[in-house]
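S.K.:
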Amino acid sequence: MRRFLHAALILFPLSLQAQFTYTLDNSVPIAGAEANLDLAWAGGLNAAQYNTLDLNHDGKDDLVVYDRMAGKISTFLQQDGRYVYTPVYERFFPSEIINWLLLRDYDHDGRKDIFTGDNFGMRVFRNVTPDGDTLAWQHIRFYSGPGGGMSDAVLYKGAGAFKTNLQMAPDDMPSISDVDGDGDLDIFSISFGSTGGTVGYYKNVGLENHSRYDSLDFERITNKWGGFVECGCGDFAFNNAACFAGGRPQHAGGKSLLVHDFTHDGIPDIVLSEAACNHLWLLENKGTLDAPVIDTNVDFPGANAPNFLYPAAYYEDVDFDGKKDIIVSTNLPSKQINPADAATFIDLARSSLLYKNNGTDTDPTFTFVKNNFLQDAMLEVGDNAVPAFLDYDGDGDYDLFVSQNSSANFSATIQVYENTGSATLPAFTHVEADYLNFTSLRLYNIKIQFADMDMNGSSDLVFTATSRDDGVTRFYYIPNRVGGSADFSLSDRQIITLPTLPNNAKLVDSENIFVVDVNLDGRPDLLYGRTNGTLFYLRNTGGISFVLEKDTYLGLASSVVRQNIACAAGDLDGDGTVDLVLGDQTGVLRIVSDFRRAAHTNDAATEILWNPLAEKYEAYKLGGRVWPVVVNLFSSARPSLVVGNMQGGVHILRHDNEGVLPPEPEIYLGWNPVNRQTQRLEVYIDRPATAQVYSITGQAIGRTLYLRGQDKTDVPVTALASGMYILRIVVGGKSFARRFVVL
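For the sequence shown, the positions run 185 to 927 when my numbering is used.
#1: Count the CB pairs spanning the segment 669-680 and the segment 829-844 that are closer than 8 Å, and state whether there are at least three.
#2: Output the boundary residues of the beta strand (DSSP E) element that contains Glu-866.
#3: Assess contact between the segment 650-668 and the segment 685-704, defined as three or more Cβ pairs (one per stretch) separated by less than 8 Å. Is contact present?
#4: For Ser-587, which option in Leu-609, Ala-607 and Lys-631 has the closest C-alpha, if you only look at C-alpha atoms?
#5: Tell me whether Ser-624 sits in a helix, a strand or coil according to DSSP, three-state version.
#6: Let me know the secondary structure DSSP gives His-292 once reduced to three states.
#7: Any heavy atom of the ligand SAM closer than 7 Å to the beta-carbon of Arg-746?
#8: Would you please state the rounded distance, in angstroms, between the beta carbons of Phe-412 and Leu-467? I believe it to be under 8 Å.
#9: Figure out for me which residue from Val-477, Ala-460 and Phe-402 has the closest Cα to the Cα of Phe-422.
#10: Please name the residue in Lys-387, Asn-349 and Ala-497 whose C-alpha comes closest to that of Lys-439.
#11: Are there three or more Cβ pairs, one per stretch, closer than 8 Å when the segment 216-236 is compared with the segment 553-571?
#12: Considering only residues of the segment 427-505, which uninterrupted beta strand (DSSP E) runs meet the minimum length of 3 residues and lie entirely inside it, listed in chain order?
#13: Residues in its own chain within less than 6 Å of Tyr-250 by CB, not counting five upstream and five downstream?
#14: Distance, Cα to Cα, Asp-705 vs Val-858?
#15: For Gly-431, which residues of its own chain have a beta-carbon under 6 Å away from its beta-carbon, when the five flanking residues on both sides are left out?
#16: Which first and last residues belong to the beta strand (DSSP E) in which Glu-403 is found?
#17: Starting from Asn-555, follow the beta strand (DSSP E) in both directions and report where the run begins and ends.
#18: Taking 8 Å as the threshold, find out whether the segment 535-542 comes into contact with the segment 772-784 through three or more Cβ pairs.
#19: My guess is that Asp-763 and Ala-753 are in contact by the Cβ rule of under 8 Å, so how many angstroms apart are they, rounded?
#20: In terms of DSSP beta bridges, what is Tyr-334 paired with?
#21: Taking just the CA atoms, how far does Ile-697 sit from Gly-717?
#22: Between the alpha carbons of Ala-611 and Ala-903, how many angstroms are there, rounded?
#23: Where does Pro-548 land, buried or exposed, given buried means 16+ other C-beta within 10 angstroms?
#24: How is the alpha helix (DSSP H) around Gly-390 delimited, first residue to last?
#25: Taking only three categories from DSSP, how would you classify Glu-274?
#26: For Phe-420, which residues does DSSP report across the bridge?
#27: Using a threshold of 8 Å, state whether the C-beta atoms of Tyr-499 and Thr-514 are closer than that.
#28: From Glu-392, Leu-350, Ile-374 and Gly-381, pick the residue whose C-alpha is nearest to that of Gly-365; which is it?
#29: Mapping DSSP to helix, strand and coil, what is Arg-723?
#30: Going by the CB atoms, is the gap between Tyr-386 and Asp-291 shorter than 8 Å?
#31: From Gly-418 to Asn-481, what does the alpha carbon distance come to, in whole angstroms?
#32: Under the rule that 16 or more other beta-carbon atoms within 10 Å means buried, what is Leu-927, buried or exposed?
#33: By DSSP's criteria, His-614 is part of a beta bridge. Which residues make up the other side?
#34: Checking 8 Å against the spacing of the C-beta atoms, do Asp-368 and Asn-349 come in under that value?
#35: Quick check on Ala-224: does DSSP put it in helix, strand or coil?
#36: DSSP three-state label for Tyr-576, please.
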């Protein structure tokens, strides 16, 4: 007889042509631990940089957030006094945005322009959006002077004949505002090079020299504004003194600046932070702009000041009262994990601090409101959210499990969201904050999935994680004690030993392992996405033992762009074959149709997400690193993709041609009759279900099994005697029977 998956092409012909087309679905409700999550599927935030901009031309400022760690824009519309996550605007921002983003109207046309990082300093994009149309930008280039060339980066006039780049370190955050009151934008930036602990002041002389605002013509007034040097955390040398003999600063890491009159005397002050320090400092200017006197520093913005590495402050009205507030988030480019140094730990689920302005913009006073602005309305586990689905409570629908990099007490855990809706209309409720007491294992960077590792027909809990005690990353599984739901015990966990790899490579925390039967022999194989971008295929040789079969599976060799591949698999288009979903550090998904017969990923689909404003399907950046899972969340003919990301959040990609399942399930059995010595009973069903094997006399045999929708489940039969049996399948309270024969 033909193998089951080949027969499925005839028996289950939902589609003959691959159709990988999705929409972002933000409608599925989640009840959090304390309140309903209005921004549940917004994707989380880590190192957020806050700006406001009218995105939809309604005269109200909306919110644009650039996440420094993920390199991702998130857009929120202001509606009825609250923010609504509206990702359709994100693709209209330039892909060249890097390191930082400040939106400022430099040309006085009423539209904010983009200032962002560049390899040579700072880049500018002019807002050229037509009235009532989608966002459009023009990259501005700069002329260095007579006989000179054009530059992509902002230039300034110093002591030489030609203008030069306003160079910045990649981790620095400048301050851009009109500090001298002449109507054009000036720049304060950490001085580049050996004077890296001082602040440079760059005056915009475009109005003076050209009688226009749009020239962005800068002159450096000083590279040591205020006469101070930042020597260490909270340690400043004032009045042009040196930090120590030689006058070099002790810290040359990233620094953030915010220049504004915070002491309501009409003179600009400066707020400064340092990448290696966990405070913001206000340096009050007791002189003038051109003759500043700075000789003190205090914590900013007052009570409940931030206490995490590299805090950066942003001054925007985010509570719709017309007064600018202070929002603080870390500006680190990546999370630092050092189990031996608690001072380096940042709880990235609570990394956006809001301080409400109870005064005015010219005389501000700030009151701490919360440490999880926007995050408190999201599914937000900190960072590296990895979703997985299983019927947690045995009620026949999918419940959501999300693992993380680290929790509030550093050790990572798994959070559980029970599906309190239905198999067709899911709704989730947060029910467990520390599943199985995972924090007791002292692990971090847990990445989970459910797969049948021991080949007994039930879904086991499979994960990689790194030990806080020895720093080693290991591959584990916990066998499921029952078949129909989740019954796991930490005491049952086992370490899976990986084979010897080229160059004696070892599993590290950034890498990903996915369990899937690659060669259709009924055994769980491994696809191993490595840090260097390669994808290993580890073939199962029996039991839970593996051998390296291919070190560049699907032609995926080393790459500096496509790194840390994370995989998921399922029949996405209903053609009876299994497709492979690939995510990596770019945040863009790729889908390989019928991957078992593919030789490479050259034809992988990337333009899969519909954007109604652009009126086309696009490749979409879901985060800095992403972890996809295939799940039939809506009991439809085509499953959804649920994607976790490094920002600690999750997105739902719902198939936009998902179809409607028939009233009764489609059930197919392969290998019938089945040889108990060499084969397994293959069961395929188009929706989630439970199953139980019965003898012909009606006696239940073994335990209840859980059948994954739109997927094949292998039912072991080695313990059965030769004869006829009945497989009883339960879907939505209805029973369906299929007979099979064991030889």
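Where a beta carbon is used, it is the ideal one built from N, C-alpha and C, also for glycine.
M.R.: Looking at the atomic coordinates:
#1: Fewer than three pairs of CB atoms, one per stretch, sit closer than 8 Å, so the segment 669-680 makes no contact with the segment 829-844.
#2: In the sequence shown, the residue the question calls residue 866 occupies position 682. For Glu-866, the uninterrupted beta strand (DSSP E) segment begins and ends at 865-869.
#3: Yes, since at least three Cβ pairs between the segment 650-668 and the segment 685-704 fall closer than 8 Å, the two stretches touch.
#4: Reading the sequence shown from its first residue, position 403 is the one you call residue 587. Nearest C-alpha to Ser-587: Lys-631.
#5: Counting from 1 along the sequence shown, the entry for residue 624 is found at position 440. The DSSP-derived three-state label of Ser-624 is helix.
#6: On the sequence shown, position 108 is the one that residue 292 refers to. Judged by DSSP in its simplified three-state form, His-292 adopts coil rather than helix or strand.
#7: The ligand SAM is not part of the structure shown, which contains no ligands of any sort.
#8: Walking along the sequence shown from the start, residue 412 turns up at place 228. Walking along the sequence shown from the start, residue 467 turns up at place 283. Contact annotation, Phe-412 with Leu-467: C-beta distance approximately 7 Å; criterion of less than 8 Å satisfied.
#9: The sequence position of residue 422 within the sequence shown is 238, counting from 1. That would be Val-477, whose Cα lies nearest to the Cα of Phe-422.
#10: Taking the first residue of the sequence shown as 1, we reach residue 439 at position 255. It is Ala-497 whose Cα lies nearest to the Cα of Lys-439.
#11: With a cut-off of 8 Å, the segment 553-571 and the segment 216-236 count as touching, because enough Cβ pairs lie within range.
#12: You should have 439-444, 453-458, 464-467 and 495-500.
#13: As a first step, residue 250 must be located in the sequence shown, where it is residue number 66. Only Gln-233, Ile-257 and Leu-285 meet the Cβ criterion.
#14: Reading the sequence shown from its first residue, position 521 is the one you call residue 705. Reading the sequence shown from its first residue, position 674 is the one you call residue 858. About 14 Å.
#15: Numbered from its first residue, the sequence shown carries residue 431 at position 247. Low local confidence applies: a pLDDT of 47 at Gly-431 is under 50, so the model's placement there is unreliable, and no value is given.
#16: Against the sequence shown, residue 403 aligns to sequence position 219. From DSSP, the beta strand (DSSP E) with Glu-403 extends over 402-406.
#17: Along the sequence shown, one-based indexing puts residue 555 at 371. Run containing Asn-555: none; DSSP gives neither H nor E here.
#18: No: the two stretches stay apart, fewer than three of their Cβ pairs being nearer than 8 Å.
#19: Residue 763 sits at position 579 when you count from the first residue of the sequence shown. Residue 753 sits at position 569 when you count from the first residue of the sequence shown. That pair is a contact at about 7 Å.
#20: In the sequence shown, the residue the question calls residue 334 occupies position 150. The sequence as given places Met at residue 334; Tyr does not occur at that position. Looking at the DSSP assignment, Met-334 forms a beta bridge with Tyr-327.
#21: For the purposes of this step, residue 717 is identified with residue 533 of the sequence shown, where counting begins at 1. For the purposes of this step, residue 697 is identified with residue 513 of the sequence shown, where counting begins at 1. Distance between the alpha carbons of Gly-717 and Ile-697: 13 Å.
#22: Numbered from 1 along the sequence shown, position 427 holds the residue referred to as residue 611. Numbered from 1 along the sequence shown, position 719 holds the residue referred to as residue 903. Taking the CA atoms as reference points, Ala-611 sits about 39 Å from Ala-903.
#23: For the purposes of this step, residue 548 is taken as the residue at position 364 of the sequence shown. Looking at its Cβ environment, which holds 16 or more other Cβ atoms inside 10 Å, Pro-548 is buried.
#24: For the purposes of this step, residue 390 is taken as residue 206 along the sequence shown, with counting starting at 1. In the DSSP assignment, Gly-390 falls within the unbroken alpha helix (DSSP H) covering 390-394.
#25: Stepping through the sequence shown from its first residue, residue 274 is reached at position 90. Look at Glu-274 here: in three-state DSSP terms it is helix.
#26: One-based indexing of the sequence shown puts residue 420 at position 236. Looking at the DSSP assignment, Phe-420 forms a beta bridge with Glu-414.
#27: The residue you call residue 499 lines up with position 315 of the sequence shown. The residue you call residue 514 lines up with position 330 of the sequence shown. Going by C-beta atoms, Tyr-499 is not nearer than 8 Å to Thr-514.
#28: Here residue 365 refers to the residue found at position 181 when the sequence shown is read from its first residue. Checked all of Glu-392, Leu-350, Ile-374 and Gly-381; the closest Cα to Gly-365 is Glu-392.
#29: Within the sequence shown, residue 723 is the residue found at index 539, counting from 1. Three-state DSSP puts Arg-723 in a strand.
#30: For the purposes of this step, residue 291 is taken as the residue at position 107 of the sequence shown. For the purposes of this step, residue 386 is taken as the residue at position 202 of the sequence shown. Result no, Cβ atoms of Asp-291 and Tyr-386 do not sit closer than 8 Å.
#31: By one-based count along the sequence shown, residue 418 stands at place 234. By one-based count along the sequence shown, residue 481 stands at place 297. Each residue's Cα considered, the two are about 8 Å apart.
#32: On the sequence shown, residue 927 is found 743 positions in, with the first residue counted as 1. Burial call: exposed.
#33: As a first step, residue 614 is located in the sequence shown; it is residue number 430 there, counting from the start. DSSP lists Tyr-601 as partners of His-614.
#34: Translated into the one-based positions of the sequence shown, residue 368 becomes position 184. Translated into the one-based positions of the sequence shown, residue 349 becomes position 165. No, they are not a contact pair.
#35: Along the sequence shown, read from residue 1 onward, the residue named residue 224 stands at position 40. Reduced to three states, the DSSP call for Ala-224 is coil.
#36: Residue 576 sits at position 392 when you count from the first residue of the sequence shown. Residue state, collapsed to three classes: coil.
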